[in-house]
Amino acid sequence: MRKFIEFAFPAFLSVALFGITVFFFILPRMESTIMVNKRETVRELVRSIEYLLATYQSDVDSGVIDLAEAQSRALRRIRSFRYGVEMNNYFWVNDLSGRVHMHPTRPDLVGRDFDTLTDQQVKRLIAGIVRQVNLQKNGFIEYQWKERQDAVKSRPKMAYLSLFEPWGWVIGSGLYYDDARQDIDALTRDLTFVGLGVLAIVALLSGYLAWRGLLVMKGRQDAETALQQSEMRFRKLFMMAPMPMMIVNQYERIVEINDQFKNIIGYTLEELSMEGTWWELAYPDPDYRQSVMAAWQTADDNELKNNTLVEPVEYNLMCKDGRERTMLAGASAIENSILVSFLDITDHKQAEVEHQKIQEQLLQSQKLEAVGVLAGGVAHDFNNMLGAIIGYAELALSKIDADDPIRKNFSGILDAAQRSAVLTRQLLAFARKQAVAPVSFNLNASVDSLLKMLRRLIGENIKLVWLPANAPCPIKMDPGQLDQILANLCINAKDAIADVGTITIKTGSVTFDAKTSASYIDCAPGNYVQLTVSDNGCGIDQEVAAHIFEPFFTTKGLGRGTGLGLSTIYGIVKQNDGFIKLYSEPGIGTTFNIYIPYHSCGTMKKITRPEGDDLPQSQGETILIVEDDPTVHEMVVMILRQLGYTILSAATPSEAIKLAEENCTAIRLIITDVVMPEMNGKELAEHLQKTCPHVKHLFMSGYTANIIVHRGILAEGVNFIQKPFSLKDLAIKIRTILDPPIA
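In this text, residue positions in the sequence shown follow my numbering: the first is 1, and each later residue adds one.
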């Protein structure tokens, strides 16, 4: 008996210490923790209501709803909120004047002014609430509260208050101490029963183990018990592992799989029990299967036979549902078997692909920005120089006989300058920095008016098919941009057709909902007009298609293309909030689908394009020229004098102001550069408008630098001509301004 007591004493002492710890330390601490947690819960819930009110305030600030509607909605939402085990805890709202805006259980208090309250206990409470939030804006209070107006007895309660300053509202919520006490008592009761049960069990087990320890302590039995426990732990870990796992015996047969293997890969143990079945199911491609089997055989000969881990290797594995998933597979030897584990990294690989796409889009955006900076930096000076070259060349050609040998030289100069001007315009178009004047027009009618020009462009060997939509296709863009799009696409289609072929132009309308638009880059849900240009030429392979819209990228031979045609189209489409899709197959042909937002507002304008070579002449008007570049200045003066206009010229804005004041009644039109010293063209026009309000203005520039445009769009009523311009362009533009259309 004495030996038993000596052996059992430590066990029973442990039981006693366990009981003391539970009942004298753990339970009291848990009571305090529960109360603290409940207070924190109330605090966080009130803060969540503050966040809700802040959301409504944000809607008010952004003009979505007015303040009264926001407060009404907020009160309805707060009134419906309940929490707690029995869902009997709630929120109330009053303001700093003591007026109660919402109280779910005391509707008799809602809407009443503080002075009209008759219940003194309620008045004291509301006064205390207002005083509390005025001092600290938020915090806890304790008070007595009647749950209903007709209740006889008050109950002690704790609440958390917080002031929502934008509306002057006090948000409050709390809990009754006796409710919290019930929770604590229930927990104490449960823990007491559990503790007593555990104590009883521990006491019995301690006595039993002590008795057994006195009887027999055999190492073999302990070893067997330890082995069994180890096997059970391993099996439990194996089955509960978060990744697919399988065990292969020494005969290369799968003898066990875990739950995640069944869930992710899909096969059952019965389906994989036959030798070789796993390889055929998981790796259906014979060549790939052989490479995987060879890799595992190498691992078996090296690491596994030496009881070392096989480093994870990436494989593409076919699951039962037919999906191919990317797995990291590793293995380790366990006795006479091999434990193989798989880590599904399919989502990670897809994320890497998406990241790569984002990087490519970012690179494309950076290229666009770089070209934009380049175009803006050189456009003004370069277009001034080109304007002078074109102007002087045209002036010279107008004075040289048709059979004069030197005429060919000036024609070459003019042709080279015009091609350089096209290159500059393409750069500005791609960078979305060209000045445009969008109008509403029917795409069908505009394309129809271009067919004659397009047929001359592609030649007689290629058939042009025009398939207009049955209904009008209204869009809003600069008609000149449409000309650029169709001309560039038709030229590319012509170059893709070796001898004879067909180019098809088609229009239509399409609607993209939120789900469909998500599958396209830069496509917002809505209605679009679709312009399709397709050919049956050589087609484009995927590698080339990936770079087709990049500036200066071309597959044409040296001297046959600048690589700016499609990038120009890309910039124009993006500037008009549209997007473009390319479909191509080598040897079959190419289709470009361009989507421009459907424009249903306003009257569609009929697009007319000037014909003939006659130059509109002066009607005796006087024009003031303002240009700081002396070469361009002199060239414009010579052109206008040749057209018969009386010219006043100024090299600076200050000179222009002086001339305008002296000749205000005579001047009909002021032609001014946009980017100049002293003040820009817009500022000059605004100044002269006060002096000579009857005078019209024409801006000319190679690059407007956002002075007379916003996001590339000309302000309404602004007359603008892009440098470099031809003699004919300037002559027509002047008469368009001075001779308004007859209504």
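Glycine residues also receive a C-beta, built at the ideal position from the N, C-alpha and C atoms.
None of the values given here were measured: they were computed from a predicted structure.
Could you please give the first and the last residue of the uninterrupted alpha helix (DSSP H) stretch that includes residue i?
i	result
valine 133	120 to 136
serine 440	First-last for serine 440: 439 to 442, but that is the beta strand (DSSP E), not the alpha helix (DSSP H).
valine 544	542 to 545
histidine 687	681 to 691
methionine 30	27 to 61
arginine 76	67 to 80
In the DSSP output, what is residue i paired with across the bridge?
i	result
phenylalanine 579	Tyr595
valine 529	Ser509, Ile596
asparagine 719	BP columns for asparagine 719 are empty, so no partner.
proline 724	According to DSSP, which records beta bridges pairwise, proline 724 is partnered with nothing at all.
leucine 464	Ile503
serine 649	Ile625
aspartate 535	Ile503, Thr590
glutamine 144	Pro156
phenylalanine 342	Ala329
tryptophan 92	Gly172
phenylalanine 699	Thr672, Phe720
serine 517	Answer is none; serine 517 lacks a bridge partner.
serine 337	Ile334
glutamate 324	Met318
Shortest alpha-carbon distance to residue i belongs to which of the options?
i	options	result
cysteine 523	Met385, Leu53, Asp577	Asp577
aspartate 513	Ile505, Thr507, Thr502, Tyr528	Tyr528
arginine 31	Ile171, Gln136, Gln182	As written in the sequence, residue 31 is glutamate, which differs from the arginine given in the question. It is Gln182.
glutamate 394	Ile129, Phe725, Lys682	Phe725
alanine 445	Cys473, Leu109, Val46	Cys473
isoleucine 623	Leu615, Gln617, Thr646	Thr646
serine 420	Pro156, Gly702, Asp448	Gly702
glycine 620	Gly644, Ile639, Ser154	Gly644
proline 525	Val533, Arg641, Lys515, Leu531	Lys515
proline 104	Lys123, Ile78, Thr118	Ile78
lysine 754	Glu142, Leu698, Ser449, Ala294	Given that the chain is displayed from residue 1 to residue 743, the structure contains no residue 754 and the question cannot be resolved.
isoleucine 580	Ile265, Ala333, Glu655, Asn593	Asn593
isoleucine 732	Ile625, Val632, Pro616, Leu684	Pro616
valine 100	Thr116, Asn89, Lys463	Thr116
glutamine 57	Gln132, Phe114, Pro166, Trp466	Pro166
tyrosine 583	Asp541, Ile596, Ser600	Asp541
alanine 650	Thr665, Thr631, Gln642	Thr631
phenylalanine 238	Val248, Asn258, Glu252, Asp95	Asn258
valine 85	Leu175, Arg106, Phe140, Arg124	Leu175
According to the neighbour-count rule (16 or more other Cβ atoms, all chains shown, within 10 Å of its Cβ), is residue i buried or exposed?
i	result
glutamine 359	exposed
asparagine 384	buried
alanine 743	With a pLDDT of 47 at alanine 743, under the threshold of 50, the modelled position of that residue is not reliable, and the figure given next carries that caveat. That one is exposed.
glutamine 763	The shown model of the chain, from 1 to 743, leaves out residue 763, and the question about it has no answer.
lysine 476	buried
lysine 357	exposed
aspartate 739	exposed
threonine 55	exposed
tyrosine 51	exposed
isoleucine 334	exposed
phenylalanine 24	exposed
serine 618	buried
tyrosine 160	buried
serine 273	exposed
glycine 63	exposed
glycine 589	buried
valine 255	exposed
asparagine 470	exposed
proline 677	exposed
Got a sec, what are the start and stop residues for the beta strand (DSSP E) residue i sits in?
i	result
tryptophan 167	Neither: tryptophan 167 is in no beta strand (DSSP E) and is coded neither H nor E.
lysine 476	474 to 477
valine 313	310 to 318
histidine 101	100 to 102
methionine 243	Careful: methionine 243 lies outside any beta strand (DSSP E) and carries neither H nor E.
valine 255	254 to 257
Using 8 Å as the Cβ pair cut-off and three pairs as the minimum, do the stretch 307 to 327 and the stretch 341 to 353 touch? yes
Is the stretch 403 to 422 touching the stretch 451 to 458, taking contact as three or more C-beta pairs under 8 Å? no
Counting Cβ pairs, one atom from each stretch, are 3 or more of them under 8 Å apart for the stretch 32 to 49 and the stretch 190 to 201? The answer is no - the stretch 190 to 201 does not touch the stretch 32 to 49, with fewer than three Cβ pairs under 8 Å.
Three or more C-beta pairs below 8 Å linking the stretch 489 to 498 and the stretch 529 to 541: yes
If contact is defined by three or more beta carbon pairs under 8 Å, each pair taking one atom from either stretch, is the stretch 653 to 665 in contact with the stretch 631 to 639? Too few Cβ pairs lie closer than 8 Å, so no.
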